[in-house]
Amino acid sequence: MSSNLKKPLLIFDLGNILFELEGVEAFWPEDSNQPELCQARWNSSEVAYLLETGKIDNFADFYRDICAELNIKLKPDEFEKAFLGIIGEPFSGTEKMLEELAGNYRLMILSNTNEPHWLYCLDKLPLTKYVETSFLSHEIGAMKPDDMIYEQVLEKLKVDPENIYYFDDKEENVVVARKHGMKAYRSWGGETLRQQLRKLGFLH
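As structure tokens, then:
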């Protein structure tokens, strides 16, 4: 086995790990004082799931269908602004952290995301400069914590899962990653993530 295959491989989620996430209250101005209700409504959406798994790939169709499903009354330009606004800024120091890590380790992305959000992330942070491969739900056709998405990662990388260190903000995703043999950690972007990476010896 080559030394590259034995080298620790670091995989990061996007939301709440590399990028801050904003709420979805902008879709329902009348309920903007109830962020948890708005988030639960969005999380229950079958149409959003279809976008995240690549089964809807036309944004106009997505707009039409999710507005009907979730009773969203925004105009198309208002909706697009609210939708892209779910993705906040990269956590402070994220690019510097990736630059330091990329000099010594293989870096990957594993994220539940859709094409518009992914492209928006790339506009905000030059991820492809530091990241070797990205495993994205809309390209794979499955979302974490579905076993299929982790199986695809292992099948493509062909490395010992014990050499994979995975960082995600959701416990259920961490649990399934561990089930597949990865060293997975529940984390949060910014200093929390950097402290974990220092403790593991990846950052100084």
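If you read the sequence shown in the working numbering, its first letter stands for residue 1, the second for the next number, and so on. Ideal Cβ positions, reconstructed from N, Cα and C, are used throughout, including at glycine. These numbers come from a predicted model, not from an experiment.
- Message: Beta-carbon within less than 6 Å of G15's beta-carbon, same chain only, minus the 5 sequence neighbours each way: which residues are those?
- Response: Same-chain partners within the cutoff: L21.
- Integer Cβ distance of D168 from A142, believed to fall under 8 Å: Not a contact, Cβ separation roughly 15 Å.
- Item | D123 versus E99: straight-line alpha-carbon distance, rounded | Each residue's alpha carbon lies about 17 Å from the other.
- Item | Spatial distance of L37 from N104 (CA atoms) | 43 Å
- Reduced DSSP category for Y49 - H, G, I as helix; E, B as strand; rest coil: helix
- Item | Continuous beta strand (DSSP E) stretch holding S134: start and end | 133-136
- Do C121 and I72 have their CB atoms nearer than 8 Å? For the pair C121 and I72, the CB atoms are not nearer than the 8 Å cut-off.
- Out of E95, S137, L70, point me to the one whose CA is closest to L125's CA. E95
- Helix, strand or coil: how does DSSP classify Y165 here? Strand.
- Item | Pairwise C-alpha distance: L18 and K170 | Those two C-alpha atoms are separated by around 14 Å.
- Task: Taking K183 as part of the beta strand (DSSP E), name the residues at either end of that continuous run.
- Result: 183-186
- Do N173 and K199 have their C-beta atoms closer together than 8 Å? No, they are not a contact pair.
- Beta carbon of E69 nearer than 8 Å to that of H138: With respect to the 8 Å criterion, E69 and H138 are not classified as neighbours on the basis of their beta carbons.
- Query: Using the rule of at least 16 other Cβ atoms within 10 Å of the residue's Cβ for burial, across every protein chain shown, is T113 buried or exposed?
  - Reply: T113 is buried by the Cβ-count criterion.
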